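Undergrad: Here it is, the structure in full.
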């Protein structure tokens, strides 16, 4: 069964860094793009970043550009989110999600997030 | 960025009811619209992709349709396990954006 397990969340002061990890199993990890999606307390879902199957393509929402870096290690079936210069507004439950295809953005528009982790909580204090 | 709205924001329904949730986009996205179900403390679940295609393993009581920039998720006969929050999401352009969600709870 395909599964994603998120980890690495915690309580951190504003301005500090945190690295999230997501371990995949049950599918051919290096065939698919991966993403991070977050949910702030009491809010809806927000796409944060995506990475293509071979790390050849990356994308970010504007609010995290220059601060967050998505990466992957296909040998370890894992995807990561390095979060630097954290802000109070980055406080959220962070989910990793598997793309239905190999590219983080498919110009055909056919991306969907078909497997999700249960999330890891990041709390940034002022 | 493409803006997404959903209506209603919440609804109360009973087991066996037919439930309809609407998602409106700020510009045309063809049929590149996905629907997800989310229960607190659990991983979100893909229900419908490309506006009307049922994800493998999802019960056939879930269906999706589109008309221009308006998309609809229908649950034909609500089951106890369907009480959750439902989100639409566009994959037409980046950044990918989600609707604000529709909470379906027990009447």
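Chains as they are written, first to last, in the working numbering: chain Y, 50 to 175; chain A, 23 to 129.
Glycine residues also receive a C-beta, built at the ideal position from the N, C-alpha and C atoms.
These figures come from a predicted structure and were not determined experimentally.
Report the residues of the segment 100-129 of chain A with a CB closer than 9 Å to any CB of chain Y, ordered along the chain.
TA: Flagged, chain order: 107, 109, 111, 112, 113, 114, 115, 116, 117, 118, 119, 120, 121, 122, 123.
Undergrad: Grab the span of the beta strand (DSSP E) containing residue 163(Y) for me, first residue to last.
TA: Taking the first chain and counting its residues from 1, the one referred to as residue 163(Y) is at position 114. From DSSP, the beta strand (DSSP E) with residue 163(Y) extends over 162-165.
Undergrad: Give me the residue from 155(Y), 51(Y), 91(Y) with the minimum Cα distance to residue 78(A).
TA: Position 56 of the second chain holds residue 78(A). Nearest of 155(Y), 51(Y), 91(Y) to residue 78(A), Cα basis: 51(Y).
Undergrad: Mind checking if residue 110(Y) is an interface residue toward chain A, Cβ cutoff 8 Å exclusive?
TA: By 1-based counting over the first chain, the position of residue 110(Y) is 61. True, the Cβ-Cβ gap to chain A drops below 8 Å.
Undergrad: Residue 156(Y) to residue 124(Y), Cα distance in whole Å?
TA: Against the first chain, residue 156(Y) aligns to sequence position 107. Against the first chain, residue 124(Y) aligns to sequence position 75. Approximately 27 Å between the Cα atoms of the pair.
Undergrad: Would you please verify whether the beta carbon of residue 73(A) is less than 8 Å from any beta carbon of chain Y?
TA: Along the second chain, one-based indexing puts residue 73(A) at 51. Chain Y, which has no Cβ nearer than 8 Å to the Cβ of residue 73(A), makes this no.
Undergrad: When you compare only the Cα positions, how much space is there between residue 144(Y) and residue 118(Y)?
TA: Working through the first chain from its first residue, we reach residue 144(Y) at position 95. Working through the first chain from its first residue, we reach residue 118(Y) at position 69. Roughly 15 Å between the two C-alpha positions.
Undergrad: Would a check of beta-carbon distances place residue 149(Y) closer than 8 Å to chain A?
TA: The residue given as residue 149(Y) occupies position 100 in the first chain. So yes, residue 149(Y) belongs to the interface.
Undergrad: Report the residue from 124(A), 126(A), 119(A), 40(A) whose alpha carbon sits nearest the alpha carbon of residue 99(Y).
TA: Here residue 99(Y) corresponds to residue number 50 of the first chain, with the count starting at 1. If we check each option's Cα against that of residue 99(Y), 119(A) comes out closest.
Undergrad: Would you mind working out which of 94(Y), 120(Y), 92(Y) sits nearest residue 105(Y), comparing C-alpha positions?
TA: Along the first chain, read from residue 1 onward, the residue named residue 105(Y) stands at position 56. Closest option to residue 105(Y), Cα to Cα, is 120(Y).
Undergrad: Using three-state DSSP, classify residue 123(Y) as helix, strand or coil.
TA: To locate residue 123(Y), count along the first chain from 1; it is residue 74. Helix, per DSSP.
Undergrad: Are the beta-carbon atoms of residue 114(A) and residue 58(A) separated by less than 8 Å?
TA: As a position in the second chain, residue 114(A) is number 92, starting the count at 1. As a position in the second chain, residue 58(A) is number 36, starting the count at 1. Not in contact: residue 114(A) and residue 58(A) (Cβ atoms no closer than 8 Å).
Undergrad: Whose C-beta lies closer than 7 Å to the C-beta of residue 170(Y) among residues of the same chain, with five residues either side of it excluded?
TA: If you number the first chain from 1, residue 170(Y) lands on position 121. Closer than 7 Å at the Cβ level, and outside the excluded window around residue 170(Y), lie 58, 142.
Undergrad: Let's test the definition: count the other Cβ atoms within 10 Å of the Cβ of residue 25(A) and tell me whether it reaches 16, buried, or not, exposed.
TA: By 1-based counting over the second chain, the position of residue 25(A) is 3. Answer is exposed; the Cβ neighbour count stays below 16.
Undergrad: Rounding to the nearest angstrom, what Cα-Cα distance links residue 89(Y) and residue 47(A) in this structure?
TA: Your numbering for residue 89(Y) matches position 40 in the first chain. Your numbering for residue 47(A) matches position 25 in the second chain. C-alpha separation (whole angstroms): 22 Å.
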